[in-house]
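The structure under discussion appears below in the form of structure tokens.
Residue numbers (the numbering used here): 84 to 395.
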């Protein structure tokens, strides 16, 4: 009879194996039930959703999509255009590349160059307009979606504009080096300073009566009334915190503090100021997107798109 040898394990080896397993799970955000939704060939960056699919960009400049219900992923564009920032507008995907801003159908096809302006690093959509900031970040531009080849209009200027958010009738802009948050009308007139007291504002969002700001140098998230006024600190001791989103009346942001396997996504309940960690143990999360049921995260440290159930 053949003899099957039993392998003996040293107690320390078992401990190290358990630690490695826990570390791997933490890097994937498994602390709050994250599951791998899709594996990326290269580092994933942007991620957006529609009713049925998830779309994302990867570090080689490709764009992919996968049905929320499962199945195989589909590559929408090749490497040549090198897609960077990704947004969705109705039945189209908009993305930036080295040559300008492009439009692509949700099922792929031939990308169409909309705005031939190079070095676009920030991209936002609001109403019938595209808003973007170029690499030197001294101006915020806008162009109409139905007339993209028209000359872009300068809406705001600053020392280094970091991001833009949208209220009912005004745009809200963060100036990184100036420490200023200000608002303008969509045509660029009526500039109004909300505060000059923010230490390196890197991201911004608007919800009802307040503007929410990620202050990079101070490691805080603060808010200020839309018409200006007292700055209120909501969260402290953060690091590399940005990618601020308002969804279903709640404010979300990313926090990289702690390094690989320790990053988090936070959710703020504006009415009560209650903070909830909706995802923990992430490894260099880039961007994320939400729907009514799930949270999708581009987890750069593990080259994955993770999916987590929405927490109450």
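For every residue, glycine included, the Cβ atom is placed at its ideal position computed from N, Cα and C.
Taking all protein chains shown into account, do 16 or more other C-beta atoms lie within 10 angstroms of the C-beta of residue 358, making it buried, or fewer, making it exposed? Answer is exposed; the Cβ neighbour count stays below 16.
Would you identify the three-state DSSP class for residue 385, choosing helix, strand or coil? helix
Rounded C-alpha distance that separates residue 206 from residue 232: 16 Å
Measure the CB-CB distance between residue 208 and residue 266 and report whether it falls below 7 Å. no
Please give me, in chain order, every unbroken run of the beta strand (DSSP E) with length at least 3 that falls completely inside the segment 306 to 381. 315 to 318, 325 to 330, 333 to 338, 346 to 352, 357 to 365 and 368 to 373
Give the C-beta separation of residue 288 and residue 329 to the nearest angstrom, bearing in mind that I take them to be a contact with Cβ-Cβ under 8 Å. 5 Å
Pick helix, strand or coil for residue 158, following the three-state DSSP scheme. strand
Residue from 239, 284, 250 and 274 with nearest C-alpha to residue 260: 284
Output the residue ranges of the beta strand (DSSP E) runs that lie fully inside the segment 160 to 216 and measure 3 residues or longer, sorted by chain position. 169 to 172, 175 to 179, 184 to 188, 191 to 198 and 203 to 209
Pull up the distance between the alpha-carbon of residue 395 and that of residue 150, whole angstroms please. 24 Å
Determine, using beta carbons only, whether residue 327 and residue 286 come nearer to each other than 7 Å. yes
By alpha-carbon positions, which one of 188, 300, 325 and 189 ends up nearest to residue 248? Nearest C-alpha to residue 248: 325.
Tell me the DSSP secondary structure of residue 258 in three-state form. strand
Using the Cβ count rule (16 or more neighbours within 10 Å means buried), how would you classify residue 273? With fewer than 16 other Cβ atoms within 10 Å, it is exposed.
Please report how far the alpha carbon of residue 124 lies from the alpha carbon of residue 159, in whole angstroms. 14 Å
So the candidates are 338, 309 and 310; which of them puts its Cα closest to the Cα of residue 321? 338
Which residues bound the beta strand (DSSP E) around residue 393? Run containing residue 393: none; DSSP gives neither H nor E here.
Counting only runs that start and end within the segment 240 to 306, where is the beta strand (DSSP E) found for 3 or more residues in a row? 244 to 249, 254 to 258, 263 to 267, 275 to 278, 284 to 290 and 293 to 298
Terminal residues of the beta strand (DSSP E) in which residue 135 lies: Here residue 135 belongs to no beta strand (DSSP E), and DSSP marks it neither H nor E.
Give the range of the beta strand (DSSP E) segment to which residue 218 is assigned. Residue 218 -> no beta strand (DSSP E), and no H or E assigned at all.
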